[in-house]
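Enquirer: Each residue of the sequence shown is one higher than the one before, starting from 297 at the first, in this note's numbering.
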Amino acid sequence: TNTPVTVLGLGAMGTALAGALVGAGHRTTVWNRSPGRAGALVAGGAVAAGTAAEAIRPGGPVVVCLLDHASVHEVLDPLAGELSGRAVVNLTTHSPAQSRELGAWAAAHGIAYLDGGIMAVPAMIGGPGAALLYSGSAPVFEEHRALLELWGDATYFGDDAGMASLYDLALLAGMYVMFAGFLHGAAMVAPAGVRATDFAALAAPWLSAMTGGFQGYAEIVDGGDYTVPGQQSLEFSDLGDILAAGAEQGVADDAVAMVQRLIRRQIDAGHGKEGFARIFESIRNSA
Ligand code: NDP
């Protein structure tokens, strides 16, 4: 914890990341484009720098958590020379291609680059359930592993800087479709006078229990044989009943109709007797 650390960006997430470092006793120097966001961190022992160039001076890894890819370049480009030989850990959400672009930019300037995806909201940082995904420089991950673990479980996915972003966005895809499904269900029961909070109390344990099905689907996908016996067929579970009930309740059908389209594509291709895992084939090739 004697390692000096710099945190560039004190939005909701940067503040949480810096707070965990300060809490663990790291000499933490922070910077934010707009002044006035470092108050609580400084009270806890952090040093607030007036410029990003000043903030990186103490040495040690430079943690970046800004809005987007463009803002990371805006802040780091002028510092490229001074960052040579240093470690940059970028936790800003961006695409895999943008992660690789920044990795190549860093390599060209002699900067060791670790890209990260944060699977947590700020309040979860440093607590149970927070997971952070990393890819890029293995030496940076190994050398600073104890520091990275202060924020949450740290997993490394290899030296392709884009992998952490890819996993991050793939996990978010699953999350958003699940949330849309929950809200679709809440909209179905709303006209019957059911409050969304009451529906949530039923839906949360149900959906949590259903995640137990992921492994079974995954084994079928990996095995490549969708005819494995014992599955409910796509023809049987084509979601017609769910859409009919939704129509009776007057709700927009988009969320469920989307799943039905993926099912129909497989039925139309002659796979109606196979199980739900088969829709993986509707998704994986956009053609
Ligand atoms: P905020 O909107 O709270 O903060 C954005 C930060 O970026 C601010 O510090 C802002 O500075 C800074 N910024 C924006 N544009 C520039 C720029 N051009 N130059 C310099 N600084 C700039 O966002 P969060 O802290 O919530 O998120 C930060 C990153 O973390 C994002 O990439 C987000 O996707 C990711 N993340 C966030 C999660 C969350 O739940 N919040 C979860 C997982 C990832 P200023 O104060 O001057 O505007």
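Don't be surprised by glycine CBs; every beta carbon is placed ideally from N, CA and C.
Determine the burial state of Ser-461: buried for a count of at least 16 other Cβ atoms within 10 Å of its Cβ, exposed for fewer.
Expert: Burial call: buried.
Enquirer: Extract the residue ranges of the beta strand (DSSP E) inside the region 535-568, only unbroken runs of 3 or more that lie entirely within it.
Expert: Runs of the beta strand (DSSP E) inside the region 535-568: none found.
Enquirer: Suppose you measure from the CA of Tyr-452 to the CA of Arg-441; what does that come to, to the nearest Å?
Expert: Straight-line Cα distance between these residues: approximately 10 Å.
Enquirer: State the Cα-Cα distance for the pair Ser-431 and Pro-392, rounded to the nearest angstrom.
Expert: In a straight line, the C-alpha of Ser-431 is about 10 Å away from that of Pro-392.
Enquirer: Cβ of Ala-334 versus every heavy atom of the ligand NDP: is any distance shorter than 8 Å?
Expert: Because no heavy atom of the ligand NDP lies under 8 Å away, the Cβ of Ala-334 does not count as near it: no.
Enquirer: Answer yes or no: the CB of Ala-376 versus the heavy atoms of the ligand SAH, is any distance below 8 Å?
Expert: Summarising the ligand content, the structure contains the ligand NDP and does not contain the ligand SAH.
Enquirer: Taking only the alpha-carbon atoms, compute the straight-line gap between Gly-470 and Gln-511 and give it to the nearest angstrom.
Expert: Their Cα atoms are separated by approximately 15 Å.
Enquirer: Tell whether a beta-carbon distance below 9 Å holds between Ile-407 and Ala-312.
Expert: No. Outside cutoff.
Enquirer: Which value, in whole angstroms, describes the spacing of the CA atoms of Cys-361 and Val-303?
Expert: So the alpha carbons of these two residues sit roughly 8 Å apart.
Enquirer: Just the Cα atoms here: how many angstroms apart are Val-358 and Leu-468?
Expert: Going from the Cα of Val-358 to the Cα of Leu-468 covers about 26 Å.
Enquirer: List, from N- to C-terminal side, the beta strand (DSSP E) runs of 3 residues or more that fit wholly inside the region 297-352.
Expert: The region 297-352 contains these whole beta strand (DSSP E) runs: 300-304 and 323-327.
Enquirer: Using 8 Å as the cut-off, classify the Cβ of Ser-367 as near or not near the heavy atoms of the ligand NDP, replying yes or no.
Expert: Yes, Cβ of Ser-367 sits closer than 8 Å to a heavy atom of the ligand NDP.
Enquirer: Would you kindly work out how many angstroms separate the C-alpha atoms of Ala-300 and Gly-332, rounded to a whole number?
Expert: Here residue 300 is Pro; the residue named in the question, Ala, does not match the sequence. Cα to Cα, the separation comes out at about 22 Å.
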